[in-house]
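Going down the list, the protein sequences come from chains X and Y.
With my numbering applied, the first sequence corresponds to residues 1 to 334, in that order.
With my numbering applied, the second sequence corresponds to residues 335 to 668, in that order.
Cβ coordinates follow ideal geometry from the N, Cα and C atoms, glycine included.
Because the structure is a prediction, the values reported are computed rather than measured.
Number of protein chains: 2
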Amino acid sequence: MKPVRVTLADVASMAKVDRAVVSRVVNNDPTLNIRPETRERVLLAVDRLGYRPNVAARSLRTSRAHMFGLFIPDFANPVYAEIIKGAEAAAAALGCVLVTGSATGTGLGGYMDLLGTGRIDGLLLAGAGEGTGLTAELDRAAVPWIMLNRRSPSVQRYVILDDERAARLAVDHLVGQGHRRIAHLAGPDGADTAQRRFAGYSAAMREAGLPDGPIAAADYTPAGGAAAMTELLAAPDPPTAVFVANVASAIGAMDAVRGAGLAIPRQISIVAVHDLELASYLAPPLTTVRMPLEELGRRGVSLLGSIKPDDAIEEVLDGPMNLITRGSTAAPPR
Amino acid sequence: MKPVRVTLADVASMAKVDRAVVSRVVNNDPTLNIRPETRERVLLAVDRLGYRPNVAARSLRTSRAHMFGLFIPDFANPVYAEIIKGAEAAAAALGCVLVTGSATGTGLGGYMDLLGTGRIDGLLLAGAGEGTGLTAELDRAAVPWIMLNRRSPSVQRYVILDDERAARLAVDHLVGQGHRRIAHLAGPDGADTAQRRFAGYSAAMREAGLPDGPIAAADYTPAGGAAAMTELLAAPDPPTAVFVANVASAIGAMDAVRGAGLAIPRQISIVAVHDLELASYLAPPLTTVRMPLEELGRRGVSLLGSIKPDDAIEEVLDGPMNLITRGSTAAPPR
DNA sequence: TCATCAAGGTCAAACGTTTGACTACCTCCC
DNA sequence: GGGAGGTAGTCAAACGTTTGACCTTGATGA
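(1) Any beta carbon of chain X sitting closer than 8 Å to that of Gly524 of chain Y?
(2) Does Ala594 of chain Y get closer than 8 Å to chain X when you measure Cβ to Cβ?
(3) Residues of chain Y with a CB under 8 Å from the CB of Val244 of chain X: which are they?
(4) In terms of residues, what are the limits of the beta strand (DSSP E) holding Met625 of chain Y?
(5) Select from Y:Arg386, Y:Asp344, Y:Gly435 and Y:Pro599 the residue whose C-alpha is nearest the C-alpha of Leu458 of chain Y.
(6) Just the C-alpha distance for Phe402 of chain Y and Met229 of chain X, rounded to the nearest angstrom, thanks.
(7) By the DSSP assignment, the alpha helix (DSSP H) with Arg679 of chain Y in it spans what residues?
(8) Spatial neighbours of Glu290 of chain X within its chain, please: C-beta separation below 6 Å, excluding the five flanking residues on both sides.
(9) With a Cβ-Cβ cutoff of 8 Å, do Pro222 of chain X and Leu612 of chain Y count as a contact?
(10) Report all residues from its chain with a CB closer than 7 Å to the CB of Ile264 of chain X; omit the five preceding and five following residues, and keep chain order.
(11) Could you tell me whether any Cβ in chain Y is nearer than 8 Å to the Cβ of Phe341 of chain X?
(12) Along the beta strand (DSSP E) that carries Gly403 of chain Y, what are the first and last residues, could you check?
(13) Check for me: the alpha helix (DSSP H) holding Ile585 of chain Y runs from which residue to which?
(14) Which bits of chain Y does Tyr220 of chain X rub up against, with CB to CB less than 8 Å?
(15) Note down, in chain order, each residue of its chain lying with its Cβ closer than 8 Å to the Cβ of Arg52 of chain X, except the 5 sequence neighbours on either side.
(16) Below 7 Å on C-beta distance, what does Thr434 of chain Y contact in chain X?
(17) According to DSSP, is Ala346 of chain Y part of a helix, a strand, or is it coil?
(18) Going straight from the alpha carbon of Ile182 of chain X to that of Ile215 of chain X, what length do you get?
(19) Got a sec? Which residues, its chain only, sit under 7 Å from Ala65 of chain X by beta carbon, not counting five neighbours each side?
(20) For Ser152 of chain X, which of helix, strand or coil comes out of DSSP?
(21) Could you tell me the distance, in whole angstroms, from the CA atom of Asp162 of chain X to the CA atom of Pro73 of chain X?
(22) Could you have a look at Gly435 of chain Y and say whether DSSP puts it in helix, strand or coil?
(23) Mind checking Thr527 of chain Y: buried by the 16 CB within 10 Å criterion, or exposed?
(24) Suppose the cutoff is 7 Å on Cβ atoms and the five residues either side in sequence are ignored; what does the same chain contact list for Ala141 of chain X look like?
(25) Taking 8 Å as the threshold (beta carbon to beta carbon), is Arg48 of chain X in contact with chain Y?
(26) For the candidate residues Y:Gly653, Y:Arg668 and Y:Asp644, whose alpha-carbon lies nearest to that of Leu472 of chain Y?
(27) Check the C-beta distance from Ala538 of chain Y over to Arg502 of chain Y and give it rounded, since I have them as a contact under 8 Å.
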């Protein structure tokens with residue numbers, strides 16, 4: 001077969017009908033009155049010619065791109081992989097493509113330039129885009145946008161997870177094992193998720209009648225986690241357990257604990273937010289709280305598909321969230 | 335500012351010129367003769383109105399989408415993150431958007447449906463798409479495509495890395511430390527990378543005057559790696575070192591070694607292909623061979639930008655490739 | 001017999017760019 | 001005076017869909 005560019009007109013002439021009929025058949029237009037045999041003829045022609053609609057022409061006419069954007073800070077963070085997966089699936093269900101971009105490639109500034117006008121029908125901002133003038137520009141271009149798992153300081157347009165509940169799950173688990181000196185290896189100061197996880201930690205400790213333990217902040221990387229953990233271990237009355245705000249930090253934290261010559265979980269227990277396949281293969285396997293990230297991506301896209309440009313969205317997604325108990329947590333040393 | 339949809343016509347009427355002039359100014363058409371002051375007027379109008387070209391209309395007219403696709407099996411595999419990064423950057427340099435899709439969301443079949451006709455100017459296939467009828471369909475739609483780090487059995491259109499060299503680097507390192515019974519934890523049977531890494535392993539062993547050690551295949555996941563490693567350890571004369579074809583497998587492999595009660599690197603050394611930030615934080619830190627994956631993505635896109643549909647491409651990319659020695663390799667037990 | 005109605009389509013005008021062809025004006029030179 | 005040539009633009013036809021308005025035919029009801 002040679003490369004060909006099949007258009008509506010080709011199909012129409014093969015099926016001996018007007019282009020309009022083909023268009024309506026292809027799009028299942030309910031207003032179309034058509035004899036079954038004619039429809040058959042059209043579908044046959046579509047099939048024989050291998051017709052696929054030209055998306056540019058369609059977009060131009062309908063001013064809908066059938067494409068959503070998802071912007072993330074970095075593909076290397078596996079936490080985002082699940083969000084992408086859910087978002088892709090939801091977009092596909094809507095007959096749309098998801099284009100995922102990261103800040104590592106172009107930066108947010110260039111991103112809008114590249115997307116031009118009318119390339120996407122909506123944009124999901126996952127942990128990126130705060131503070132920049134991007135949202136204003138999106139509004140100007142009438143592109144709906146939603147922040148995922150981040151609240152924006154000014155505008156109320158977000159879907160977040162119940163990070164407080166996640167933190168409670170983790171802390172309650174530690175408390176249940178008998179820990180009383182529980183530290184918190186928090187997320188970076190600016191991050192909204194970090195604040196919510198801290199709030200949950202603090203509330204759970206209070207409810208258990210325990211004072212907040214030592215706290216150290218780290219960005220969501222192994223290196224950051226290692227540094228913060230070293231800090232926590234140097235505290236005057238070191239903790240017997242640590243609730244870590246992020247699994248990537250936790251990996252670094254575990255290394256720091258080993259570096260200090262302490263045994264996990266015999267001398268110190270660790271539990272982190274976000275689960276990874278890899279967590280089972282660490283030494284020891286890491287106890288985590290699994291968050292409904294895939295659901296988050298899915299929900300984001302489906303909201304994008306239905307919101308009006310000025311709708312406010314403030315949603316706390318309650319998907320399944322559970323503690324996955326592995327070897328990194330145990331009763332404290334006596 | 336209210337949402338507006340600014341078109342060429344708006345700019346033209348504000349600048350008191352024809353739409354054609356605006357178009358030529360915006361696109362820097364060298365054939366245009368224009369007075370500097372007129373150009374200024376146009377640019378001013380563009381700026382004041384916040385004009386951005388409508389990509390759908392442009393694509394329709396020029397039949398170029400200014401968009402490239404990259405298809406990967408799974409976002410959760412951090413190895414692909416680097417490829418994406420490079421590809422995004424190269425696309426941006428060409429003024430194009432990169433849309434990355436994965437098999438987890440829609441499957442390859444649906445992917446083409448969604449992309450329709452004319453949505454992308456070229457597609458990079460990274461470890462996905464073999465065997466399906468996809469490439470035939472791409473050819474039919476006259477969409478250039480290139481396989482990344484995979485050779486297709488039939489058509490010769492690929493860019494690969496020098497996996498043989500990577501394997502040699504790893505094996506030579508082990509040989510240099512005095513190992514003589516070196517096993518290979520290979521990749522999945524079908525994978526082209528697995529074959530090349532095996533070939534490199536085998537060649538390096540031969541050159542060192544050593545016989546191939548035991549070999550076990552695994553998919554590129556921790557679970558697969560753990561199972562295969564267990565198999566290797568059960569061999570009659572167990573190896574003192576293992577060359578693992580992939581870092582994800584290696585993480586599982588390390589766990590299996592620990593499960594068997596053996597110490598790394600004292601009783602068994604491990605080295606794997608592909609580096610991750612995380613490798614430094616494993617226990618012990620994992621020795622790896624770092625591959626130029628970012629370069630691979632970059633090169634893929636830039637080739638896409640320049641090839642003709644029927645060009646053959648058979649390129650072995652020689653970017654920097656180096657052994658990163660960490661704690662998982664040492665001299666064999668005596 | 002004529003108006004009405006439904007079925008089964010057809011017609012043609014957009015959508016916003018790009019681009020080859022064309023024009024209007026001026027200058028220069030013989 | 002007239003032709004050549006250059007400058008600075010203008011004109012209008014595509015590109016492939018979608019969609020509201022319109023048309024034709026045959027059947028039905030009064």
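Taking the structure as given:
(1) The residue labelled residue 524 of chain Y in the question sits at position 190 within the second sequence. No - not a single Cβ of chain X is within 8 Å of the one on Gly524 of chain Y.
(2) As a position in the second sequence, residue 594 of chain Y is number 260, starting the count at 1. Output row for Ala594 of chain Y: interface = no.
(3) Counting from 1 along the first sequence, the entry for residue 244 of chain X is found at position 244. Within chain Y, no residue has its beta carbon less than 8 Å from that of Val244 of chain X; the closest one is some 13 Å off.
(4) What you label residue 625 of chain Y is simply residue 291 of the second sequence in a count that begins at 1. Note, Met625 of chain Y: premise wrong, no beta strand (DSSP E); not H, not E.
(5) One-based indexing of the second sequence puts residue 458 of chain Y at position 124. Comparing Cα positions, the closest option is Y:Gly435.
(6) For the purposes of this step, residue 402 of chain Y is identified with residue 68 of the second sequence, where counting begins at 1. For the purposes of this step, residue 229 of chain X is identified with residue 229 of the first sequence, where counting begins at 1. So the alpha carbons of these two residues sit roughly 42 Å apart.
(7) Here chain Y covers residues 335 to 668 and nothing more, so residue 679 of chain Y does not appear.
(8) Residue numbering aside, residue 290 of chain X sits at position 290 when the first sequence is read from its first letter. Note that residue 290 of chain X is Arg in the sequence shown, not Glu. Result list for Arg290 of chain X: Asp275, Asn322 and Ile324, in chain order.
(9) Within the first sequence, residue 222 of chain X is the residue found at index 222, counting from 1. Within the second sequence, residue 612 of chain Y is the residue found at index 278, counting from 1. Yes.
(10) The residue you call residue 264 of chain X lines up with position 264 of the first sequence. Met254, Val257, Ile270, Pro284 and Ser328.
(11) Any question about residue 341 of chain X goes unanswered here, given that chain X covers just 1 to 334.
(12) The sequence position of residue 403 of chain Y within the second sequence is 69, counting from 1. It spans Met401 to Ile406 - the beta strand (DSSP E) in which Gly403 of chain Y sits, taken as one unbroken run.
(13) In the second sequence, counting from the first residue as 1, residue 585 of chain Y sits at position 251. Taken as a continuous stretch (DSSP letters only), the alpha helix (DSSP H) holding Ile585 of chain Y covers Val581 to Gly593.
(14) Stepping through the first sequence from its first residue, residue 220 of chain X is reached at position 220. In chain order: nothing, as chain Y lies at least about 12 Å away.
(15) Locating residue 52 of chain X in the first sequence gives position 52, counting from the first residue. Val6, listed in sequence order.
(16) Here residue 434 of chain Y corresponds to residue number 100 of the second sequence, with the count starting at 1. The contacting residues are Thr100.
(17) As a working note, residue 346 of chain Y is residue 12 in the second sequence. Residue state, collapsed to three classes: helix.
(18) The residue you call residue 182 of chain X lines up with position 182 of the first sequence. The residue you call residue 215 of chain X lines up with position 215 of the first sequence. Those two C-alpha atoms are separated by around 9 Å.
(19) Taking the first residue of the first sequence as position 1, residue 65 of chain X is located at position 65. Excluding sequence neighbours, Ala65 of chain X sits near Ser59, Gly118, Arg119, Ile120 and Asp121.
(20) In the first sequence, the residue the question calls residue 152 of chain X occupies position 152. Residue state, collapsed to three classes: coil.
(21) The residue given as residue 162 of chain X occupies position 162 in the first sequence. The residue given as residue 73 of chain X occupies position 73 in the first sequence. Taking C-alpha positions only, Asp162 of chain X is separated from Pro73 of chain X by approximately 21 Å.
(22) Stepping through the second sequence from its first residue, residue 435 of chain Y is reached at position 101. Reduced to three states, the DSSP call for Gly435 of chain Y is strand.
(23) Numbered from 1 along the second sequence, position 193 holds the residue referred to as residue 527 of chain Y. Buried, by the Cβ-count rule.
(24) Within the first sequence, the letter at position 141 stands for residue 141 of chain X. Short of 7 Å from the beta carbon of Ala141 of chain X, and not among the five residues preceding or following it, lie these beta carbons of its own chain, in chain order: Thr117.
(25) In the first sequence, the residue the question calls residue 48 of chain X occupies position 48. With 8 Å as the cut-off, Arg48 of chain X does not count as an interface residue toward chain Y.
(26) Along the second sequence, read from residue 1 onward, the residue named residue 472 of chain Y stands at position 138. Looking at the Cα atoms, Y:Asp644 is the closest of the given residues.
(27) Within the second sequence, residue 538 of chain Y is the residue found at index 204, counting from 1. Within the second sequence, residue 502 of chain Y is the residue found at index 168, counting from 1. Indeed, because the Cβ distance is near 4 Å, the residues count as touching under 8 Å.
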